[in-house]
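**Q** When we follow our numbering, the leftmost residue of the sequence shown carries the number 5, and every step to the right adds one.
Glycine included, C-beta positions come from ideal geometry on N, C-alpha and C.
One structure is given below, represented as structure tokens, and several questions about it will come after.
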Amino acid sequence: MFLTRNRKKVYKVSILIAVVLFQANWALGQHKAVWVERCLTETTHEDRYASYSPNGEWIVFESNRDGNWDIYMMNSQGENVKRLTYNESEDRRPSWHPNGEKVLFESNRNGSNELFTLNLRSGKEKKLKQNTKDGEFVFASYSPNGKRIAVSLRESEQKSKIVLLSKKGKRVKTIIENGKRNFYPRWSKDGKEIVYFSRKDTDNKDDEIYGINLETGVEARLTLWKTHNFCPSWSFDNSQIVYVTSMEGSRPEIFIMDRDGNNKTQITHNEEGDTLPNWHPKENRILVTAYRNGNYQICELELSEK
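As structure tokens, this is what we get:
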């Protein structure tokens, strides 16, 4: 039985489509991108809030492994752990200066949360000259050039604003103030934008992620979810944002999205949850605070093709 000319064309097109689909499926099957996890700390205490040094070789984090919250450092393989602060009060939430020689952290050693710097070469600590009369400082981070600090000024858990400080701690400008809670400002790699999470559009119920252009003051809402979205962090090339979403039972999982809020993708699927992501400065690796075996540990996600 012979095919007519039109049926031959249809037959050839069908074969071509089938071949293309087969090749595409084979390629996807051969080159599937997955995020592989490895844990860097495994203790019976709490290790949290980890971030990479600017060169990616070191990690600072907070831990209560010695009975009190203090700042620690280790290499990127989870080795050579060193305690950096020795204060009876709580020293928490460290972040790096862009020169890699100083660490910024919070401490309540004077009765309320204030910002301190630690020189890694000399071990000398210095309190910044911030005014805390209208709240306490939390979730601070340096600008890429080290000249500014973005930080949340917390009046309560339901009300906070985001301000910019000079490198010495002097208040320069309030950039986010709306009577709601606004936390966790993080700079883009070019210093032109900041992402943060807020409850300003959810009647103080759900956290959502926003971005603000510091030159124009224009804000954009990046997530729209009937649960919490929080703790954003930029990718090394500024093209994506990693963040946390509360799933069923409030379990936190890690997601990534494009910088404009599109193409949201879940990259962790753990029964116990992951939070506080921090993207490597040069590679597709992400530090997370992972809840494992009853306590928090520092783990790393690395993008791998399988």
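(1) So, with DSSP's three-state summary, where would you put G3?
(2) Write down every uninterrupted run of the alpha helix (DSSP H) in the segment 226-258 whose length is 4 residues or greater and which is fully enclosed by it, in chain order.
(3) By the 10 Å Cβ neighbour count, where 16 or more other Cβ atoms means buried, how is R97 classified, buried or exposed?
(4) Find the nearest neighbour of N182 within the set A154, V107, E275 and T206, judged by alpha-carbon distance.
(5) Out of R152, G127, Q134 and L119, which one is the CA nearest neighbour of F143?
(6) Given a cut-off of 8 Å, decide if P189 and I166 are closer than it, judged by their beta-carbon atoms.
(7) Could you compute how far the alpha carbon of T227 sits from the alpha carbon of P236?
(8) Suppose you measure from the CA of S57 to the CA of E159; what does that come to, to the nearest Å?
(9) Could you tell me if G33 is buried or exposed, where buried requires 16 or more neighbouring beta carbons within 10 angstroms of its beta carbon?
(10) Helix, strand or coil for V292 per DSSP?
(11) Using DSSP's beta-bridge definition, name the partner residues of Y4.
(12) Taking 8 Å as the cut-off, decide whether the C-beta atoms of V199 and G215 are in contact.
(13) Among residues of its own chain, excluding the 5 on either side of W283, which ones have a beta-carbon nearer than 7 Å to its beta-carbon?
(14) Please check the pair G173 and H101, which I expect to be a contact at CB under 8 Å, by giving their CB distance rounded to whole angstroms.
(15) Note down, in chain order, each residue of its chain lying with its Cβ closer than 6 Å to the Cβ of Q27, except the 5 sequence neighbours on either side.
(16) Since K177 is in the beta strand (DSSP E), which residue starts that stretch and which ends it?
(17) Going by DSSP, name the residue or residues bridged to S170.
(18) Can you look up G298 in the DSSP assignment and give me helix, strand or coil?
(19) In whole angstroms, what separates the C-alpha of W30 from that of I258?
(20) Alpha carbon to alpha carbon, what distance is there between L157 and G139?
(21) Suppose contacts are defined by Cβ-Cβ distances below 8 Å. Is L168 in contact with E197 by that definition?
**A** This is what the structure holds:
(1) Limits of the chain in this structure are 5 at one end and 310 at the other, which puts residue 3 out of reach.
(2) none
(3) buried
(4) T206
(5) L119
(6) yes
(7) 11 Å
(8) 30 Å
(9) Because G33 carries a pLDDT of 40, less than 50, the predicted location of this residue cannot be relied on, and the following value inherits that uncertainty. Looking at its Cβ environment, which holds fewer than 16 other Cβ atoms inside 10 Å, G33 is exposed.
(10) strand
(11) In the structure displayed, the chain extends from 5 to 310; residue 4 sits before or after that span and is not available.
(12) yes
(13) S237, W238, S239, F240, V246 and I290
(14) So it is not a contact: roughly 14 Å between Cβ atoms.
(15) Legend: pLDDT at Q27 = 37, less than 50; position of this residue unreliable, no value from coordinates given.
(16) R175 to I180
(17) R152
(18) coil
(19) Because W30 carries a pLDDT of 30, less than 50, the predicted location of this residue cannot be relied on, and no value is offered for it.
(20) 5 Å
(21) no
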